[in-house]
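Read the structure below first, then the notes.
Residue numbers (the working numbering): 48 to 561.
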């Protein structure tokens, strides 16, 4: 869910040297326009302008910005130092001209403040850009954020992978040491292990080199090779290795088989999550006795790529709705439906959730619960039913802000309320898995009543929201007991179906048209 913008060359000078600095001009133009046109709630460009310039107060706290119907008022150290007339935007002006006006006013204000602030005059371009962009989104919701070029690159690597050999290193003192080797990566196949020292990379001595510098040398074009010399842990031998670089994507699926039950923990959703889970399901079906059930562990999963969450839910559904997003922004409205068929052929499914299960992980759990496809076990989830757009900026950073909210197939939004499990392991139902399942079955009508209230709640009703969430308080313990309860439930298909169908009527196969 990202908007790609054209990147330009990084500025090499220190500080924004003039009010017509081209890169900052483009950066501010895009920031203001993105927030004005794509944030989920309407916000005027005038207010964004005030917030953007007021962001400079993080560099110099003597800066204050105010606005009148006709002027932008710049204050410094308690006195007015400049007034900038606000434009009367003509309907005849094209979009490019409008963008230029707001950026020019911002840079005019920056130049005025530089005349009075020594902190601004000595600040780097990077710090000024960060202050301006962070200011533009400071009064939005808590999920809106700006990430500079380095943090943005790390986030991209987590989502989409990177081209390298698949190691993480620790450097700075002595030779860099391998901290982590990704499973099934080129480094793993070459025999690298945690604790190994990297002595040279392409003939360059690596003594004293920082981890970031080392990582940059190991990265490169896909299919190219890198020559390293390694001193293995607990060995005096120096081993040369030539390793081909390829795309390495962080592992997010951790699976095991227990009594023909696939237990799959999903730590987050990146570009490989759904395909990796599908591979694990196919392997589990090949075991003697076949696949008797799946436990999808989403505890601690804070979300990630929304489309990957949809694809994971799709693995367990024959057809019909998965969820949808609604927004004032047309591009942010989506209807998600199952298309690929149930890869498990209807095997019983349990989803584990807790107080850290959020966002796209909650959509997966909500869809499977609403469609009677899974029984949820654990505690009330986090309650983040909003979707963030990730926008690439000209300085190679990213601007992330909320642009839509999600609904489950039954039509309710779980934003701020979360999901309610059919078996709440936070209750005093007994200290064994058998007792937990038996208690849930005895309380089925009460569980169904709570679920109905849950789906009909006005999420802005704070009192009712707190009361419902306290029925099964959110927990972040992540105990193995939840898995034991799930295994116990899966032993009895009748009990499983009894709880899977608790709490709501059948969901329509399609959403009404928007």
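Don't be surprised by glycine CBs; every beta carbon is placed ideally from N, CA and C.
With a beta-carbon spacing of about 4 Å, residue 413 and residue 455 fall inside the 8 Å limit used to define contacts.
Residue burial is scored here from C-beta neighbours: residue 333 has fewer than 16 other C-beta atoms within 10 angstroms and is therefore classed as exposed. CA-CA distance, residue 242 to residue 193, rounds to 35 Å. The beta-carbon distance between residue 549 and residue 491, rounded to whole angstroms, is 5 Å. This is short enough to meet the 8 Å contact definition. Between residue 323 and residue 300, the C-beta gap is smaller than 9 Å, which places the two residues in contact. Here the alpha carbon of residue 266 sits roughly 9 Å from the alpha carbon of residue 293. Annotated as distal: residue 216 and residue 283, with beta-carbon spacing of 9 Å or more.
DSSP places residue 328 within a helical segment (H, G or I) once states are collapsed to three. Under a 10 Å Cβ-count criterion, residue 219 is classified as exposed, with fewer than 16 other Cβ atoms of the shown protein chains found around its own Cβ.
In the three-state reduction of the DSSP assignment, residue 454 falls in the strand class. In the three-state reduction of the DSSP assignment, residue 196 falls in the helix class.
One alpha carbon belongs to residue 396, the other to residue 96, and they sit about 50 Å apart. One Cα belongs to residue 522, the other to residue 460, and the distance between them is close to 21 Å. The bridge partners DSSP lists for residue 422 are 397. About 7 Å separates the Cβ atoms of residue 212 and residue 273, confirming a contact at the 8 Å cut-off. According to DSSP, residue pairing for residue 384 in a beta bridge involves 368. With a 10 Å radius around the Cβ and a threshold of 16 neighbouring Cβ atoms, residue 271 comes out exposed.
With 16 or more other CB atoms across the displayed protein chains lying within 10 angstroms of its CB, residue 222 is buried. In the DSSP annotation of this structure, residue 297 is not part of any alpha helix (DSSP H), being labelled neither H nor E. In the three-state DSSP reduction, residue 417 falls in the helix class (H, G or I). Minimum Cα-Cα distance from residue 231 among the listed residues 436, 472, 480 and 298 corresponds to 298. Judged by DSSP secondary structure, residue 359 falls within the alpha helix (DSSP H) whose first and last residues are 353 to 361. For residue 120, the enclosing beta strand (DSSP E) has its first and last residue at 118 to 123. Here residue 475 carries a coil assignment [DSSP, helix/strand/coil]. In this structure, the straight-line span from the alpha carbon of residue 77 to that of residue 402 is close to 36 Å.
Annotation: the continuous alpha helix (DSSP H) that includes residue 543 extends over 540 to 547.
Annotation: the continuous alpha helix (DSSP H) that includes residue 513 extends over 509 to 516. For residue 483, the enclosing alpha helix (DSSP H) starts and ends at 480 to 489. Residue state for residue 448 is assigned as strand, using DSSP reduced to three classes. With 16 or more other Cβ atoms from the protein chains shown falling within 10 Å of its own Cβ, residue 420 counts as buried. By the beta-carbon neighbour count (other beta carbons within 10 angstroms, threshold 16), residue 86 is buried. Inter-segment contact for the stretch 146 to 154 and the stretch 162 to 176 is absent: fewer than three beta-carbon pairs are separated by less than 8 Å. With a beta-carbon spacing of about 11 Å, residue 543 and residue 534 fall beyond the 8 Å limit used to define contacts.
When secondary structure is reduced to three states using DSSP, residue 494 falls in the helix class. Of the residues 210, 410 and 378, the one whose Cα lies closest to the Cα of residue 384 is 410. Under the DSSP assignment, residue 100 falls outside any beta strand (DSSP E), being part of the alpha helix (DSSP H) whose first and last residues are 92 to 101.
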